[in-house]
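Numbers given in the numbering used here equal positions in the sequence shown, counted from 1, plus 4.
Glycine included, C-beta positions come from ideal geometry on N, C-alpha and C.
Okay, structure first, notes after.
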Amino acid sequence: MTLPDPAVVVLVGAGGSGKSTWAAQHYRRAEIVSSDELRGVVGSGPADLDASTDAFDLLERIVAARVGRGLTTVVDTLGLDPERRERWRAAARAAGLPAVAVVLATPGPECRRRNADRDRPVPAPVLTDQLRRVTALTASLADEGWDHVELVTPDEGGDEDTRRLVPHRSPEGRNVAVGDHTATSRPPTGVRVVLQLSRFPWGEDPGGWLRGMALAADEAGFSGLAVMDHLVQIPQVDSAWQPIPEPWVTLGLVAGLDTRLALGTLVTPVSFRPAGITAKAAATLDTLTGGRAFLGIGAGWWEREHRGHGIGFPSARERLDLLESSIETIRALWAAGTKAYDGARVSLPETTSYPRPVHDIPLIVGGGGERRTLDIAARLGDACNLSSDPEVLTHKLRVLDRHLAAAGRTRADVAVTVLDLPVVGRDREDAWARVERLRGRTPAAAFARRTNAGTARQHRDRYAELAELGVSTVFVGVRGLESPDDVLALAELNG
Ligand code: GTP
Ligand code: MG
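Following this line, the structure appears as structure tokens:
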């Protein structure tokens, strides 16, 4: 069972049908607004019916405040009042959240049995009336305008294992860009996951930290390890004075460890180094790792790091020209032999450069610029790195496909990779704690949505859906990674 999230979830069920139990199994405590509990807050206890008016006033205010912030809200009442249901649906609609009704369809005898066991049972005729109304409502709920109606029967109660999603089929014949050498351990989701390290909170022992992170990534089943190529930490990740090490030196250390990880950059700006130097670095890494290198490459975008390091930052058009010519140069220097190269944009008197790479290094073009970057990726790339947002991705893929058609190439020539920046928690509670810690000044609901805050299993299922769109590799820059233990906790991302 997968319900939309975030959402407004309205429970419907007779006393003792298991509403509060179900809510507690699936949601965080703070997400559940219960009329019984609020009777206990403003009255003498959950069964203090004299406190109902005050309790429901409070409930409505809490629902309105949470839903207005786009936060998941589970309304735990009998759910039998049509006006309240309509109000909660309207609040959901106004906030752009799906409205979900969850009916606890526990049989009457079971509800009666549970009711009788309680300290303060509901009078039998009252429970009978509730059961009758729930039954009547179950038939008409579909016409009320809910985005989703879920019927929960006792059998589905607590057995988590029956809820495992069926692994998605992997698309056949796809050019898998990164981590081909791990073909034997291809995950059931059909998508490879490469861990991207973008923050380096390495304390007193940077080398030891890096070793630990890489060994943990290998142990957790990641296909590879990617690092950014920046001279100043970028504002999207951390403050400018946090360390951001040079990628090829960094990968050199990881290359010396006993792992099966594919290693590379995501992405190297062509503006930093002459193309021949990048070709040499990647070929060396490929040689030292027995064919595990990949190269992400892009036009560069951050002016500040260029200026501060005495590196020119030409116009966008010139940088894109440079991207094209750099790819040509790199390919010429990776090809066999020493002959002169005379290409569309580049002429080299010779192409002597050893060591040559020991396998076809996947060249991943980063950036979603529709007119030129995607055209360059379609013509010259082995892969194209795009946003993991399904809507954005679907659009960019349409543009990529047009460029591919014009270039006489297909998706079999150019694999699709994405960069995903999720919040991953051990459970719903932990995921939310991380959202609170990491969101800065971004409203929690927006941050949780952007980062798909959830468990590793939820992200893995999402990656399986990306595989259906044609994604072969997910670069995952998990937010807030501090230690090797954090990396080991991500094993479930890998199937
Ligand atoms: P009210 O708040 O009185 O309307 O009841 P409720 O619908 O919230 O029911 P609640 O979750 O409090 O469950 C009532 C009793 O049934 C509790 O003793 C639960 O432990 C038990 N119960 C709830 N769900 C299940 C279930 O799936 N299986 C079993 N065996 N017991 C359950
Ligand atoms: Mg309850």
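Bridge partners - residue i, DSSP secondary structure assignment
i      : result
Arg311 : According to DSSP, Arg311 bridges with nothing at all.
Gly300 : Ile368
Pro273 : Gly302
Gly429 : Thr459
Tyr345 : Leu352
Leu442 : The partner list for Leu442 (beta bridge, DSSP) is empty, contrary to what the question assumes.
Val13  : Val78, Val104
Residue i (DSSP reduced to helix, strand or coil)
i      : result
Ala103 : strand
Ser24  : helix
Thr377 : helix
His152 : strand
Gln46  : For the record, residue 46 in the displayed sequence is Val; it is not Gln. Reduced to three states, the DSSP call for Val46 is helix.
Gly19  : coil
Val241 : coil
Arg196 : strand
Gly268 : strand
Ser39  : helix
Thr263 : coil
Tyr31  : coil
Leu485 : coil
Leu135 : helix
Leu201 : strand
Arg124 : coil
Trp436 : helix
Thr254 : helix
Ser357 : coil
Thr6   : coil
Glu164 : With a pLDDT of only 38 at Glu164, under 50, the local geometry of the prediction cannot be trusted, and no value is derived from it.
Ala98  : helix
Other residues of its chain near residue i: CB distance less than 7 angstroms, five sequence neighbours each side excluded
i      : result
Arg464 : Thr193, Glu496, Leu497, Gly499
Thr186 : Confidence is the limiting factor: at Thr186 the pLDDT is only 47, short of 50, which leaves the residue's position unreliable and the question unanswerable from this model.
Gly72  : Ala99
Glu309 : His234, Leu235, Val236
Ala410 : none
Endpoints, the alpha helix (DSSP H) within which residue i is located
i      : result
Ala500 : Residue 500 lies beyond the stretch modelled for the chain, which goes from 5 to 499, so this question has no answer here.
Ala495 : Looking at the DSSP string, Ala495 is not in any alpha helix (DSSP H), and its letter there is neither H nor E.
Asn389 : No alpha helix (DSSP H) holds Asn389; the beta strand (DSSP E) holding it covers 387-391.
Phe60  : 56-72
Ile281 : 279-292
Leu421 : At residue 421 the sequence reads Thr, which differs from the Leu that was named. Looking at the DSSP string, Thr421 is not in any alpha helix (DSSP H); the run it does join, the beta strand (DSSP E), is 419-424.
His399 : 394-411
Asp222 : 210-223
Arg449 : Arg is not the amino acid found at residue 449; the sequence shown has Ala there. Where Ala449 is concerned, the enclosing alpha helix (DSSP H) stretches over 448-454.
Arg116 : 112-120
Nonlocal neighbours in the same chain, by C-beta distance under 6 angstroms from residue i, ignoring five residues either side
i      : result
Glu307 : Phe317
Leu1   : The question about residue 1 has no answer here: the residues shown for the chain are numbered 5 through 499.
Leu378 : Val403, Leu404, His407
Asp80  : Leu15, Lys23, Ser24, Ala27, Ile36, Ser38
Leu155 : Val107, Ala109
Tyr345 : Ala336, Leu352, Thr355
Ser330 : Val274, Ala279
For residue i, the first and last residue of its enclosing beta strand (DSSP E)
i      : result
Gly228 : 228-231
Ser476 : 475-480
Val79  : 77-80
Close-in-space but distant-in-sequence residues of the same chain around residue i (CB under 8 angstroms, 5 per side omitted)
i      : result
Thr132 : Gly112
Leu324 : Ala303, Gly373, Arg376, Thr377, Ile380
Val91  : Contrary to the premise, residue 91 reads as Arg rather than Val in this sequence. Taken in chain order, the residues that qualify are Glu64.
Lys343 : Glu354, Thr355
Thr254 : Leu214, Val231
Val396 : Gly372, Leu390
Ala437 : Gly429
Leu53  : Arg43
Contact between the stretch 365-376 and the stretch 295-304 (3+ Cβ pairs under 8 angstroms):
yes
Whether or not the stretch 259-278 and the stretch 311-319 are in contact is what I'm after, with contact meaning three or more pairs of Cβ atoms, one per stretch, closer than 8 angstroms; do they touch?
yes
Using 8 angstroms as the cut-off, can you tell me whether the stretch 36-46 makes contact with the stretch 402-422, which would need three or more C-beta pairs spanning the two stretches below that distance?
no
Any 3 or more C-beta pairs closer than 8 angstroms across the stretch 15-31 and the stretch 100-107
yes
Cβ pair count under 8 angstroms reaching 3, the stretch 378-388 against the stretch 431-447
no
Segment contact, 8 angstroms Cβ cut-off, at least three pairs: the stretch 134-152 with the stretch 47-60:
no
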